[in-house]
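In this note's numbering, the protein residues as written are 1 to 454.
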């Protein structure tokens with residue numbers, strides 16, 4: 001006879017203990033153990049019996065036949081790029097993001113656009129009428145998209161056997177509940193069990209599965225960390241609600257690059273793909289103003305132009321302010337120290353504000369030169385032409401360092417009609433600039449930038 005037992009789980013790594021402990025021996029975190037009640041000795045039902053009926057045997061690696069996996073076209077170039085060229089059959093993809101960012105809209109839009117594949121959209125958060133209202137707003141009709149409002153994993157797999165879909169979408173994994181675990185939906189044990197069951201289903205039937213996941217207040221996906229280890233691909237959907245842009249960023253990908261980026265724009269009819277983000281991220285100004293410089297950055301394999309905005313003013317109070325939006329505040333302090341030490345600019349008594357236009361969060365070191373140019377432009381009140389671009393890293397000694405994929409950055413600047421692009425002189429070694437219409441200006445140090453720019 002089954003009995004109820006109390007077990008403590010680590011909310012960070014999923015490690016379990018029969019009693020509460022302050023320090024987790026699995027991940028080393030403190031005060032992360034939570035109490036849950038589970039049923040021990042309960043017979044697993046048809047779900048696990050069906051999924052575990054096939055036994056595996058060891059095979060020599062040279063006897064394994066290698067075949068190129070045919071990927072499923074999701075009719076969405078941005079999502080295909082992030083996944084590595086399409087959706088791999090049998091893979092399980094975890095999509096995380098803040099509430100209201102557009103996770104359900106993105107996957108419902110994908111489900112409606114794939115008309116050649118049978119899609120099962122399982123929702124545990126919304127009713128069928130709510131999903132139909134969103135589908136009407138998207139404005140795409142599909143006769144092969146099935147809607148199921150269910151949270152019990154046994155019932156989901158029963159409907160799966162009847163419909164036999166080609167793609168499954170679960171919205172969301174935190175709402176699923178397995179009868180084999182006596183715990184509330186969204187708890188650590190339930191998330192771990194239901195994700196494992198969905199993973200077994202995807203691998204056995206060779207059906208790709210999307211899992212939508214909630215995130216915590218610190219930005220990580222809710223539930224145990226083992227959830228991200230179970231799935232094949234982890235995608236983060238992020239963006240600022242005050243802007244229309246949404247960034248699809250790969251965190252983990254077993255079938256492609258983990259540094260790809262997809263950009264969407266939210267509108268009344270759903271999400272629109274942004275094929276050329278540079279033209280959107282660059283503001284169209286009627287008048288040139290100081291404090292603005294164009295940076296050439298690379299996200300994954302995609303080069304793009306972004307606008308860096310800086311404002312330098314006299315400190316109104318005793319302590320000068322340092323504020324960043326979309327950029328690391330510690331790196332800004334480092335660049336300001338380099339300007340003060342190597343170029344002689346007295347910025348320690350001035351307020352400095354930096355903003356990356358478009359609501360993007362940038363960590364490419366190649367925008368250092370653009371940030372420094374924007375700060376100098378605002379400090380000296382000198383306008384930098386919007387036809388100038390910058391792509392280089394700045395070191396502590398004031399030297400301008402080379403960056404990777406400089407040819408792709410120059411080609412992007414050339415495509416947008418830029419007149420000049422400032423790069424490190426070390427990137428110019430062996431670089432054929434005759435094939436570009438844009439003028440490539442080599443820079444060796446910060447003082448060299450001052451002479452050629454101001």
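Virtual Cβ for every residue (Gly too), placed ideally from N, Cα, C.
Check your understanding: Around the C-beta of residue 12, are 16 or more other C-beta atoms found within 10 angstroms, so that it is buried, or is it exposed?
Key -> buried
Review point. How is residue 200 classed by DSSP in three states: helix, strand or coil?
Key: In the displayed model, residue 200 falls within a helix according to three-state DSSP.
Review point. Leaving out the 5 sequence neighbours to the left and right, which residues in its chain are closer than 8 Å to residue 173 when beta-carbon positions are compared?
Key: 94, 191, 194, 195, 198, 211, 212, 213, 223, 227
**Study point:** Range of the contiguous beta strand (DSSP E) that encloses residue 320
**Key:** Note, residue 320: premise wrong, no beta strand (DSSP E); not H, not E.
Check your understanding: Quick one: any contact between the region 248–267 and the region 322–340, if contact means 3 or more CB pairs under 8 Å?
Key -> no
**Study point:** Minimum C-alpha distance to residue 413 - residue among 77, 305, 162, 106
**Key:** 305
Practice item. Evaluate the contact criterion for the region 130–140 versus the region 151–167: three or more CB pairs, one atom per stretch, below 8 Å. Key: Counting Cβ pairs under 8 Å, fewer than three are found: no touch.
Point to revise | Beta-bridge pairing of residue 468 - partner residues as DSSP gives them | key: One cannot answer for residue 468 here, as it falls past the ends of the chain, which runs 1 to 454.
Practice item. Sort out for me which residues DSSP pairs residue 421 with in a bridge. Key: Beta-bridge pairing links residue 421 to 389, 440.
Review point. Between 181, 66, 87, 358, which lies nearest to residue 76 when the distance is taken from Cα to Cα?
Key: 87
Practice item. Could you check which residue in 436, 449, 138, 97 has the C-alpha nearest to that of residue 217? Key: 97
Check your understanding: According to DSSP, is residue 303 helix, strand or coil?
Key -> strand
Point to revise | One or two residues paired with residue 236 in a DSSP bridge | key: 96, 249
Check your understanding: In whole angstroms, what is the alpha-carbon distance linking residue 360 and residue 182?
Key -> 42 Å
Practice item. Take residue 368 as the anchor and find which of 407, 337, 36 has the nearest alpha-carbon. Key: 337
Review point. Secondary structure at residue 187, three-state DSSP: helix, strand or coil?
Key: Three-state result, residue 187: coil.
Check your understanding: Out of curiosity, what's the CA-to-CA distance linking residue 220 and residue 236?
Key -> 9 Å
Review point. Can you give the Cα-Cα distance for residue 425 and residue 406, rounded to whole angstroms?
Key: Residue 425 and residue 406 have their C-alpha atoms roughly 11 Å apart.
Exercise for review: Specify, as a first and last residue, the run of the beta strand (DSSP E) that residue 82 falls within.
Suggested key: Element bounds for residue 82: not the beta strand (DSSP E) but the alpha helix (DSSP H), 77–83.
Check your understanding: Touching or not, the region 378–388 and the region 292–312, by the rule of three or more beta carbon pairs under 8 Å?
Key -> Contact holds between the region 378–388 and the region 292–312, because three or more Cβ pairs, one in each stretch, are under 8 Å apart.
Practice item. List the residues that DSSP assigns as beta-bridge partners of residue 32. Key: Residue 32 is not bridged to any residue.
Review point. Within 10 angstroms of its Cβ, does residue 184 collect 16 or more other Cβ (buried), or is it exposed?
Key: Exposure of residue 184 is indicated by the presence of fewer than 16 other C-beta atoms within 10 angstroms of its C-beta.
Review point. To which residues of the same chain is residue 269 closer than 8 Å at the C-beta, ignoring the five residues directly before and after it?
Key: Within the same chain, residue 269 has close Cβ partners 137, 138, 139.
Exercise for review: Use the C-beta contact count for residue 379: other C-beta atoms within 10 angstroms, 16 or more gives buried, fewer gives exposed.
Suggested key: buried
Point to revise | C-alpha gap between residue 63 and residue 14, whole angstroms | key: If you take the alpha carbons of residue 63 and residue 14, they lie about 36 Å apart.
Exercise for review: Flag this pair as yes or no: are the beta carbons of residue 352 and residue 375 separated by less than 8 Å?
Suggested key: yes
Point to revise | Identity of the residue in 300, 440, 91, 394 nearest residue 263 by Cα | key: When only C-alpha atoms are compared, the closest one is 300.
Practice item. Taking residue 161 as the reference, give the member of 365, 254, 82, 120 with the closest Cα. Key: 120
Practice item. Could you tell me if residue 437 is buried or exposed, where buried requires 16 or more neighbouring beta carbons within 10 angstroms of its beta carbon? Key: exposed
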